[in-house]
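Our numbering puts the first residue of the sequence shown at 261, with every later residue one more than the last.
Glycine included, C-beta positions come from ideal geometry on N, C-alpha and C.
Here's the structure we're looking at; comments come further down.
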Amino acid sequence: MNMTDMNPIYLDHAATTPMESQVFELMKPHFLENYANPSSIYTLAQQAREAVDIARDQVSSALNCKPAEIVFTSGGTESDNAAIKGTAFALKNVGNHVITTSIEHHAVLHSCQQLEQMGYKVTYLPVDEFGRVSLADIEKTLTSKTVLVSIIMVNNEIGTIQQISDISKIIKRKASLYNTTIPFHTDAVQAVGYLDINVQTLGVDLLSLSAHKFYGPKGVGALYIKRGTPFEPQQAGGGQERERRSGTLNVPGIVGLGSAIELAEKRREQAVLHCSNLRDKLIKGLLKNVSGTKLNGHSVDRVANNVNVSFEGVDGEPILLGLDFAGILGSSGSACSSASLEPSHVLLAIGLNAQEARGSLRLTLGINNTEDEVHKTLDILADLVKKLREMSSTAGVH
């Protein structure tokens with residue numbers, strides 16, 4: 261069956277989500293009618309500024325922070341880069357040590373690698389077989405020269421949730437012992453709409469998010485910077501965003517982000533119930549119906565919409581192609597492209613070997629997925645994995 265013969269079953273919400281029509285409707289006037297630059301002083305521009313202020317209030321309300329602590333960015337990648345480099349540079353006279361984990365998003369890992377090239381020392385903490393970082397490891401790694409800790413809230417590949425508020429307490433306690441401040445950043449890109457992102461409860465100083473992960477537009481995100489957190493802007497120019505991120509504001513995108521995060525918070529409980537029910541059915545069905553299936557990530561402390569599995573003896577790429585042909589859109593657990601077959605750094609970090617990591621599949625659910633779609637996916641996957649194993653076995657004979 262070709263996907264053109266049916267509506268595709270979309271199971272890649274961790275990559276991006278479809279934009280909500282009500283979000284799009286609120287954005288439209290700012291493309292076509294109120295197109296003014298919000299930094300100008302005439303009435304049309306001030307109306308654009310007012311729309312930005314409303315969105316800033318919506319984001320700060322979701323995070324339980326002050327509107328002035330929100331900086332609008334181009335997305336999660338920029339927010340992560342700004343948080344890490346902006347803090348490390350601002351504190352270079354205090355220390356040069358950064359702590360993160362081995363399973364961060366590449367936006368964090370590559371930013372930390374850039375810091376290493378500049379002479380900073382970065383500790384990449386290991387994780388256990390479920391993708392959890394050890395609180396004891398964090399405690400013993402903190403030093404008087406530590407200027408930043410960055411730990412992802414929900415892993416984008418395996419869905420494991422970290423103990424952010426517990427980590428924060430450890431950092432604050434050690435910082436107090438050293439009579440210093442150690443800012444704590446979390447990449448919460450995959451958490452919005454599923455977990456409580458109250459920054460007071462989490463105890464974080466910086467938090468990254470991206471609109472297209474919660475049914476908003478692509479190309480816009482936000483960075484929470486707690487008041488008083490040392491920060492050196494990474495983008496110079498006209499001094500927008502209280503001189504923390506220069507550049508003409510993306511008014512339609514910001515309006516979309518504000519609307520989307522408000523909607524995500526409103527229906528969070530409903531989304532968690534719906535997605536976790538489908539997630540559990542999918543996991544249970546795969547473990548039961550497809551032999552040699554291994555669940556990757558934490559079985560309990562896992563975001564509501566994430567399923568990541570490895571199939572023994574099968575590569576992820578042919579599975580993805582077979583699913584695509586059947587009208588099911590998922591992703592490989594590996595961070596590979598058609599030009600590279602490097603296994604996922606996350607799956608290697610939790611103890612999978614290269615072959616197991618290449619045989620992984622990530623299916624991430626959304627609010628519009630149905631039980632019927634889960635059943636169809638289970639039927640097609642069981643058949644597909646069986647056929648691929650038979651083909652592999654036959655090829656091995658020759």
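With 16 other Cβ atoms within 10 Å as the buried cut-off, status of residue i
i, result
"Ala599", "Here the model assigns Ala599 a pLDDT of 43, short of 50, so the residue's position is not dependable, and the following value carries that caveat. Looking at its Cβ environment, which holds fewer than 16 other Cβ atoms inside 10 Å, Ala599 is exposed."
"Ser470", "buried"
"Asn568", "buried"
"Val645", "buried"
"Asp632", "exposed"
"Thr637", "buried"
"Tyr295", "exposed"
"Val409", "buried"
"Ser597", "At Ser597 the pLDDT is 40, less than 50, meaning the model places this residue with poor confidence and gives no usable figure here."
"Leu323", "buried"
"Ser594", "Unreliable placement is indicated for Ser594, whose pLDDT of 44 sits below 50; no coordinate value is reported for it."
"Tyr270", "buried"
DSSP beta-bridge partners of residue i
i, result
"Ile640", "Ile640 pairs with nothing; no bridge assigned."
"Glu270", "Correcting the residue type first, residue 270 is Tyr in the shown sequence and not Glu. DSSP, once it has assigned bridges, lists Leu589 as partnering Tyr270."
"Arg622", "Asn568, Ser591"
Pick from the options that is closest to residue i, judged by C-alpha positions
i, options, result
"Val464", "Gln307, Glu492, Gln494, Ile411", "Ile411"
"Ala642", "Glu376, Glu572, Arg502", "Glu572"
"Ile418", "His558, Arg433, Thr508, Val511", "His558"
"Leu462", "Phe444, Tyr475, Gly453", "Phe444"
"Arg649", "Glu522, Gly576, Thr489, Gly476", "Gly576"
"Ser653", "Ile543, Val574, Ile588", "Val574"
"Thr361", "Phe349, Leu385, Tyr380", "Leu385"
"Leu625", "Ser281, Ile543, Glu501", "Ile543"
"Asn353", "Thr406, Asp340, Leu402", "Thr406"
"Leu661", "Glu616, Ser300, Pro477, Leu623", "One cannot answer for residue 661 here, as it falls past the ends of the chain, which runs 261 to 658."
"Gly453", "Gln530, Arg504, Arg505", "Gln530"
"Gln282", "Asn549, Ala524, Gln306, Arg309", "Ala524"
Whole beta strand (DSSP E) runs in the segment 540-576 with 3 or more residues, listed along the chain? With a minimum length of 3 residues, the continuous beta strand (DSSP E) runs that stay inside the segment 540-576 are 553-555, 566-571.
List, from N- to C-terminal side, the alpha helix (DSSP H) runs of 4 residues or more that fit wholly inside the segment 484-509. Complete alpha helix (DSSP H) runs here, min 4: 500-503.
Kindly provide the ranges of any alpha helix (DSSP H) runs that are 4 or more residues long and lie completely inside the segment 406-463, ordered along the chain. Within the segment 406-463, the complete alpha helix (DSSP H) runs of at least 4 residues are 424-437, 459-462.
Which complete beta strand (DSSP E) runs does the segment 351-393 hold, if anything under 3 residues is left out? Complete beta strand (DSSP E) runs here, min 3: 357-361, 381-385.
Does the pairing of the segment 324-337 with the segment 474-489 give three or more beta-carbon distances under 8 Å? Touching, yes, given that three or more Cβ pairs across the two stretches are closer than 8 Å.
Does the structure place the segment 365-383 close enough to the segment 508-521 that three or more beta carbon pairs sit under 8 Å? No, they do not touch.
Spell out a yes or no on whether the segment 420-432 and the segment 379-398 are touching, meaning 3 or more CB-CB pairs, one atom from each, closer than 8 Å. Enough Cβ pairs lie closer than 8 Å, so yes.
Considering only residues of the segment 297-360, which uninterrupted alpha helix (DSSP H) runs meet the minimum length of 4 residues and lie entirely inside it, listed in chain order? Fully enclosed alpha helix (DSSP H) runs of 4 or longer: 303-323, 336-350.
Do the segment 333-352 and the segment 375-385 touch if we need at least three Cβ pairs shorter than 8 Å? Three or more beta-carbon pairs drawn from the segment 333-352 and the segment 375-385 are found closer than 8 Å, and the two stretches are therefore classed as touching.
Below 8 Å, can you find three or more Cβ-Cβ pairs linking the segment 496-514 to the segment 602-610? Counting C-beta pairs with one atom in each stretch, the segment 496-514 and the segment 602-610 have fewer than three that are closer than 8 Å, which means they do not touch.
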